[in-house]
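Encoded as C-alpha cells, the structure appears first; notes follow it.
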Amino acid sequence: MSQMELWNKYKEAKDEILKSDIKKDLILQYLSLVKIIAGRLYNYYGSNVEYDDLVSYGIIGLIDAIQKYDCSKNIKFETYASVRIRGAIIDEIRNLDWIPRSVRQKSKLLKDAYSKLEMTLGRTPNVSEISKEINKTEDEVLKLLEDTNVYNVISLEEQINDNLKIQIKDDSINSNPEESLLEKDTIDNLKKAIKGLTEREQLIINLYYYEGLTYKEIANILNISESRISQIHSRSILKLGVKMDKM
C-alpha cells in the first residue's frame, strides 16, 4: 500500500483500533527517516548516547508528527516530521543534562568574548585577540575550543531547533506552510551566518555535516591534525551561534 493510500485510510478511519493499526504501518513507512536523522545526530552525541536510544527518541517525535499532521495542508510530511523528530531527540538529550557545568562555563566565556570583540572590532576576532580579552594564552584558547566542541554544536542545534519548533506550531501553519517553514528567518539567517565564515571553516562544515566525513578523514584531506579540525569546527560553530543570536 502506498504512503498516500495509508494517509487516506488513516484520515478516514473512525474505529480507534483500525486507526492504531494504520498508524503502526505509517511508523514503519517513515522509520528510515528517523534512522537518518538519528544517524546524523549520533556523529557528535555518540560518545554519550547510544544510537538505538536516539532512534527511540526520534520515534516519539515521529508518532507526534503523525498524530498532528494535516495531510490537507500543502506541506510534505517528511518536511513536517523531520523537525519534530529532530526536536524530540534533542529534547531528550537535553533532559539527560550530561554536559558538565565547567564545559558550559568555558563555552559561555568564549561566546561572550567573541560577541564583545565582534561588536568592538566590527569583524570576527582572531585567537590572539580572544586570548587577550579573556587573559589566557593562545594555546589555552585553542584548548578551550577543543574542550567545548561538542557543547557548542549542541547549543547551536538547540537554538535552531527551538526556532523551527516555534515556526511550525500547529496553529501557525498557513495556506503555504512548506514555504513558511523553509524560508523562515532561522534558515535564512543560518545561511547568512555560514557565508560569514572563512573558506576553510565553510569547507570543514560542509565536509562534516553534508559529506558526513569524520575529523580523521577531514584532517587527511586538509593535511592538518584531528585536534586542529576539532578546534576550527568548534570555533566555526561558536561564531555561527554568536551571529544567530544577533540576527
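So the mapping is simple: my numbering equals the position in the sequence shown, first residue as 1, plus 2. For every residue, glycine included, the Cβ atom is placed at its ideal position computed from N, Cα and C. Remember, it's a predicted structure, so these values are computed and weren't measured experimentally.
Cβ contact annotation for I136 (same chain, cutoff 8 Å, sequence separation greater than five): L111, L112, A115 and V143, in chain order. Here DSSP, grouped into helix, strand and coil, assigns W9 to helix. DSSP, reduced to helix, strand and coil, places D114 within a helical segment of the structure shown.
Three or more pairs of CB atoms, one per stretch, sit closer than 8 Å, so the segment 80-100 contacts the segment 50-64.
Under the DSSP assignment, S74 falls outside any alpha helix (DSSP H); it carries neither an H nor an E label. By the CB criterion at 8 Å, L8 and I24 fall inside the cutoff. About 5 Å separates the beta carbon of S236 from that of N154, a gap short enough to meet the 8 Å contact definition.
For L43, the three-state secondary structure derived from DSSP is helix.
Per DSSP, reduced to three states, the secondary structure at L209 is helical. Rounded to whole angstroms, the Cβ separation of Q31 and Q69 is 15 Å, and the two are not in contact under 8 Å. I234: member of the alpha helix (DSSP H) spanning E228 to K248, first to last residue. Residues of the same chain with a CB within less than 7 Å of the CB of L240, apart from the 5 flanking positions on each side, are L112, K113, Y116 and N154 in chain order.
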